[in-house]
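Undergrad: Mind having a look at this structure? Questions to follow.
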Amino acid sequence: MSAPPAIAAAASSALRTLTSSCMAATVSSAFVTERDGRLPILRQAQDRPERSRGATDAALSGRAVLVTGASSGIGSAIALAAARAGADVAITYRANADGADEVRRAIGELGRRAAVFQLDLADLASIRDFASAARRALGRLDVWINNAGVDILTGGAASLSRVEKLDLLIAVDMCGTMLASWHAA
0 MSAPPAIAAA ASSALRTLTS SCMAATVSSA FVTERDGRLP ILRQAQDRPE
50 RSRGATDAAL SGRAVLVTGA SSGIGSAIAL AAARAGADVA ITYRANADGA
100 DEVRRAIGEL GRRAAVFQLD LADLASIRDF ASAARRALGR LDVWINNAGV
150 DILTGGAASL SRVEKLDLLI AVDMCGTMLA SWHAA
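Mapping of the sequence shown onto numbering that gives the first Met the number 0: residues 0 to 184, in sequence order.
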């Protein structure tokens, strides 16, 4: 069965992004499409040598970057990449304070300023207070990356009904992200 052209193009674009040499991290595998558009095929990506530090140091020099949901996973990788590229970085977490503190320390070890904020995207008051506090902490915000999202597959949310999971997804991933973006502007 073939994937629609738009999906095939998006998957190819995602692979190019993941494996581009602009990031120091290497990608060990990714879902990619075959030339005929079939999905998904798991293929090993070519390991790429890490770029030298000097090649990325100036890319975000003097910039202030905020990454929501950066206490682990993709968010922490984005935050650390921004710091390696010369940015001061603010990160948020909802519950993983230890993970956020580890990321803050790692950013500091790279010689960059780091600020950590607890943020619940399901709570409007939390969002409203957060945006101005983040600006004060770093002096300004040049880049805002909405990475945070709700996990409905594990933890307490796993036991919710499908309708409750949908409500939570809409409240956090859609409304919370939109409200945070509006307050960032």
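Cβ coordinates follow ideal geometry from the N, Cα and C atoms, glycine included. Remember, predicted model here, so these are calculated numbers, not experimental data.
Going by DSSP, what residue range makes up the beta strand (DSSP E) through Asp97?
TA: Mapped onto the sequence shown, residue 97 falls at position 98. Premise fails: Asp97 lies in the alpha helix (DSSP H), 96-108, not in any beta strand (DSSP E).
Undergrad: Report the rounded CA-to-CA distance for Leu165 versus Thr153, giving the unit in angstroms.
TA: Start at 1 with the first residue of the sequence shown, and residue 165 comes out as number 166. Start at 1 with the first residue of the sequence shown, and residue 153 comes out as number 154. Cα-Cα distance, rounded: 15 Å.
Undergrad: DSSP three-state call for Leu118: helix, strand or coil?
TA: One-based indexing of the sequence shown puts residue 118 at position 119. It is coil, neither helix nor strand.
Undergrad: Out of Val102, Ala183, Ile151, state which residue places its alpha-carbon closest to the alpha-carbon of Ala81.
TA: Taking the sequence shown and counting its residues from 1, one reaches residue 81 at position 82. Distances from the alpha-carbon of Ala81 to those of Val102, Ala183, Ile151 put Val102 closest.
Undergrad: Using the Cβ count rule (16 or more neighbours within 10 Å means buried), how would you classify Ser131?
TA: As a position in the sequence shown, residue 131 is number 132, starting the count at 1. So Ser131 counts as exposed.
Undergrad: Does the pairing of the segment 173-182 with the segment 94-101 give three or more beta-carbon distances under 8 Å?
TA: no
Undergrad: Can you tell me whether DSSP reads Ala184 as helix, strand or coil?
TA: On the sequence shown, residue 184 is found 185 positions in, with the first residue counted as 1. Collapsing the DSSP output to three states places Ala184 in coil.
Undergrad: Report all residues from its chain with a CB closer than 6 Å to the CB of Ser75; omit the five preceding and five following residues, and keep chain order.
TA: By one-based count along the sequence shown, residue 75 stands at place 76. Answer for Ser75: Ala69, Val102, listed in chain order.
Undergrad: Got a sec, what are the start and stop residues for the beta strand (DSSP E) Ala89 sits in?
TA: Indexing the sequence shown from 1 puts residue 89 at position 90. First-last of the beta strand (DSSP E) with Ala89: 87-92.
Undergrad: Taking the alpha helix (DSSP H) that Leu165 belongs to, which residues open and close that run?
TA: By 1-based counting over the sequence shown, the position of residue 165 is 166. Here the alpha helix (DSSP H) through Leu165 covers 161-168.
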